[in-house]
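To keep things clear, I will list the structure first and then write my remarks on it.
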Amino acid sequence: MEQSLGQQSNPASGSFDKSRILNVKPLRSLVPVFPSQSPNSSSFPTPQAGAPFVCASPSGPFPPGFAPFYPFFTSSESQRPFEQNSQSPSGVPFVGNPISAAVPLNSFRTPPPSTAGTANLHREAANGDAGSSRRNTRNRLQSQNHSGFTEEDGYSNSQNQSSFRHITDTEDTTKAGRRKSKSQKQTRGALDVGFALPEFDVDSVVNEFLASINPLVIDALRKDDGSKESAEYTLMIFDLLRRRISQVEEAKDSTPGVIRRPDLKAGALLMTKGIRSNSKKRIGAVPGVQVGDIFFFRMELCLVGLHAPSMAGIDYMGIKISQEEEPLAVSIVSSGGYEDDVEDGDVLIYSGQGKEVKDQKLERGNLALEKSLHRGNDVRVVRGIKDLANPTGKVYVYDGLYKIQESWTDKGKSGFNIFKYKLVRLPSQPAAYMTWRSIQQWSEKPTSRIGVILPDLTSGAENVPVCLVNDVDSEKGPPYFTYLPSLKYSKPINPVEPCTGCICIGGCLPGNFNCHCIQKNGSCLPYSANGVLVNLKSLIYECGPSCQCPANCRNRVSQGGLKLRLEVFKTKDKGWGLRSWDPIRAGAFICEYAGEVIDNAKA
DNA sequence: GTCAGTCAGGGGTAT
DNA sequence: ACCCCTGACTGACCT
C-alpha cells in the first residue's frame with residue numbers, strides 16, 4: 000500500500016488531513032519503506048500524484064489527481080463523518096465507515112494530578128473520551144439519540160433494527176441453524192434489557208459487507224489476476240470481513256465452548272465470490288507477493304495464490320512432461336508440526352506428510368517433493384513462526400524460493416519411517432525469515448542489535464523498552480526530542496458531563512447487551528479477544544474508572560499501554576523514523592499518540 | 001502463562 | 001471421500 004501513497008518527493012500540500020488512518024497491510028521488513036518512485040500501470044484506482052508520507056483517508060477527501068484507492072464505496076456523504084445514517088449509493092450502510100481525524104487518547108496509566116481541573120480531565124478521559132478531543136467530538140456526541148447510541152457505525156438503533164429485522168423472519172432449517180437459534184434464544188431470555196436489541200445474523204452482515212465493496216474493485220480483482228494491488232485488496236477485504244464476522248458471531252452467541260472460525264468463513268466466501276488473486280497454480284514466484292511478506296492466517300496464503308491447501312503443508316500440481324504428467328511441488332509451509340530442522344536460515348530440513356502412526360508413503364505431496372528433487376524446480380517456502388506480540392497467533396513469512404537438494408528416510412520419534420527433504424534457499428533474495436529470527440534474539444537481548452544507542456529511550460516509562468538505533472551514521476539520536484508517554488497540557492481542560500460506567504464485575508463480554516459500555520459502542524464490543532479493533536469506527540468508548548470491570552477487561556485495550564517492541568531508527572536520507580519489531584495486525588492498538596497539547600495561537 | 005488435547009473446518013486431489 | 005505442518009478453545013499444570 001505504501002506505493003499507493005505517491006510518487007513525488009514534494010511535501011504534502013496540507014489541503015487534507017494527514018492524521019487520518021488507513022487500513023493497510025503491515026510493513027514486511029525492517030528495511031525502511033518509502034513510497035515507490037516507479038510509475039504504476041495497474042488497472043486499479045491508484046493515485047497519480049502525491050508525496051512521501053502523504054496520507055489520505057480511505058473515504059477522502061483526496062488532493063488533486065489523487066484517486067480513491069480504498070475498495071469500498073465512497074461518496075460525498077461519507078466524507079461527513081458526523082452525518083447520521085450514512086448510506087452507500089445502493090442504500091446499504093457503509094461497512095467501512097469514514098474515520099475522522101485521529102483523536103489523541105488520554106493516558107489512563109498516569110495518576111491524576113492534584114489540580115481540580117486536571118483531575119476532572121482524567122475522570123472524563125477514562126470514561127472513554129479524551130480531554131481536548133472531546134471538543135472535537137462534540138458534534139458527534141450531540142448526534143447521539145435518546146437511547147445513548149452514536150450513529151457513527153451505521154448499525155445502531157433504529158437502523159440496526161431495520162438492518163437486522165428480516166433475519167428473525169428468515170427460517171434456518173439446517174441442524175446448525177436450529178441449534179444456534181436455540182442457544183440464541185436462551186442467551187436472550189436471560190437478559191432483561193431496557194432497549195430494543197439488534198438482531199445479529201452473520202449472513203446479512205456479510206451480504207451488507209459485500210454490497211459495500213465497490214464493484215469496480217471486484218471487477219478489477221477478477222480481471223487483474225496477480226498484482227501487488229490485487230493481493231493487497233484481497234487481504235484487506237479478507238481481514239475486514241473476518242473481523243466483522245468474528246464480532247457479529249461473538250455478540251450473537253457468546254456461549255463458551257463454541258469454536259468459531261471467522262477466518263475460514265471469510266476465506267470461503269471470498270473464494271466463492273472470486274475475490275482472490277493468482278487463482279491459477281504456478282511454479283516459482285507469485286505476482287504481487289514479495290519475499291518477506293507476512294500473513295496471519297493460512298487462508299490468506301490460499302487467497303493470494305501462494306499456497307492453495309488450507310491445512311496441508313505441501314502444495315503440488317500436475318505438470319505435463321513429454322507424454323506423461325507428473326506431480327511437482329510448488330510450495331511448502333514449514334510450521335513446526337513435524338520434526339523439522341531449522342538450524343540454518345538458508346537450509347530447511349522438511350518432513351514429508353503423513354501422521355506418525357504408520358510409515359509414510361511416497362505419494363501425494365511426498366511424491367511431488369521427490370519429483371521436484373529430480374526436476375530441480377523452484378519451490379516456494381513459507382515459514383510459520385510464533386507471534387511473540389500475540390501468543391495465541393502465528394505469523395507466516397514468505398521466505399522466497401528454495402531448491403530441493405536431497406531426500407532420505409528417517410525413523411521418527413514414534414519409530415515409523417518418515418521422508419526428509421533438504422531444501423536450500425536460492426541466493427540473492429532479500430532477508431525474510433532470518434529477519435524474524437534476529438528479532439527474536441533482539442527481544443531477548445536488545446544490545447545484540449547492531450547500532451543500538453539506547454536500549455530503552457523511554458527510560459522505563461513504557462511496559463516494554465523502545466530501542467534507539469542508528470546503523471547508518473554517527474548521530475547519537477534525534478535532536479529536540481523528549482519522550483512523553485502521555486499527553487501534556489499547557490493549561491487545564493474544562494470538565495464535561497460525567498459518564499455512567501458499566502457493572503460488568505468480571506469484565507465486559509460480547510453479547511451482554513446490559514453493558515452500558517457495549518451499548519455506547521453500538522451494542523458490539525469494539526475489540527476482539529486479542530485486543531484488535533473489529534470494526535472501522537471513528538470513536539471507541541473504552542471502560543473507565545466509574546466502570547466495575549477489572550483492568551484486564553476486553554474493553555480497556557488502549558489503557559494497557561504499549562505492548563509492541565518499537566524502535567526509533569535513523570534512515571539513510573530521511574531523518575529518524577519509527578518501526579516495529581513485532582508484526583502488527585490491522586486494527587491492533589500500537590501506542591498513544593502523545594505529546595504536548597498546544598492551542599491554535601501557539602501553533 | 002504454557003502446554004497438550006480436542007474438534008469443526010476448507011481447499012484440493014483422488015477415486 | 002479423504003487428507004492435511006489450522007486455529008479456537010479448554011483444562012491441567014506450573015510459577
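Residue 0 is where the first sequence starts when you use numbering that gives the first Met the number 0, and the numbers rise one by one after that.
Where is the CB? At the ideal position from N, CA and C, for every residue including glycine.
Of all C-beta pairs linking the segment 383–397 to the segment 287–305, three or more are shorter than 8 Å, placing the two stretches in contact. Judged by pairs of C-beta atoms under 8 Å, the segment 541–558 touches the segment 490–506, as three or more such pairs exist. Assigned with DSSP and collapsed to three states, residue 438 falls in helix. Residue 320 is bridged by DSSP to 323.
Below 8 Å, enough C-beta pairs join the segment 558–577 and the segment 455–472 to call them touching: three or more. Relative to the Cα of residue 582, the nearest Cα in the group 421, 258, 461, 531 belongs to 531. Per DSSP, the unbroken beta strand (DSSP E) holding residue 404 starts and ends at 393–410. Around the Cβ of residue 233, a 10 Å sphere holds 16 or more other Cβ atoms; the residue is buried. With contacts defined as CB atoms closer than 8 Å, residue 507 and residue 516 qualify as a contacting pair. Taking every protein chain shown into account, the CB of residue 407 has fewer than 16 other CB atoms within 10 angstroms, so this residue is exposed.
Inter-residue distance for residue 361 and residue 417 is about 10 Å (C-alpha atoms, whole angstroms).
In the DSSP assignment, residue 416 falls within the unbroken beta strand (DSSP E) covering 416–424. Close CB contacts of residue 552 within its chain, under the 6 Å cut and outside five residues either way in sequence, are with 506, 507, 542 (chain order). At the C-beta level, residue 220 and residue 240 stay beyond 8 Å of one another. Residue 470 carries a coil assignment under DSSP once its states are collapsed to helix, strand and coil.
The segment 317–331 makes no contact with the segment 423–430, as fewer than three CB pairs between them are under 8 Å. In the DSSP assignment, residue 596 is bridged to 488. Per DSSP, residue 363 is one residue of the alpha helix (DSSP H) stretching across 363–374.
Under the DSSP assignment, residue 228 falls outside any beta strand (DSSP E), being part of the alpha helix (DSSP H) whose first and last residues are 227–251. Annotation: residue 353 to residue 328 spans about 16 Å, alpha carbon to alpha carbon. Less than 8 Å divides the Cβ of residue 438 from the Cβ of residue 580. Within a 10 Å sphere around the beta-carbon of residue 473 sit fewer than 16 other beta-carbons, which makes this residue exposed.
Within the segment 271–320, the runs of alpha helix (DSSP H) that reach at least 4 residues and sit entirely inside it are, in chain order, 297–302. When 537, 564, 447, 458 are compared, the shortest CA-CA separation from residue 389 is found for 564. Shown here, residue 216 sits in a helix according to DSSP, grouped into three states. Note that the C-beta distance between residue 461 and residue 561 is below 8 Å.
The beta carbon of residue 487 sits closer than 6 Å to the beta carbons of 595 from its chain, once the five residues preceding and following it are set aside; these are given in chain order. Using a Cβ distance threshold of 8 Å, residue 436 and residue 336 do not count as a contacting pair. Per DSSP, reduced to three states, the secondary structure at residue 568 is strand. In the structure shown, the three-state DSSP call for residue 382 is strand. In this structure, the straight-line span from the alpha carbon of residue 261 to that of residue 205 is close to 11 Å. When secondary structure is reduced to three states using DSSP, residue 589 falls in the coil class, being assigned neither helix nor strand. Between residue 556 and residue 246, the C-beta spacing is not below 8 Å.
Per DSSP, residue 337 has no beta-bridge partner at all. Counting C-beta pairs closer than 8 Å gives three or more between the segment 272–280 and the segment 221–232, which meets the contact rule.
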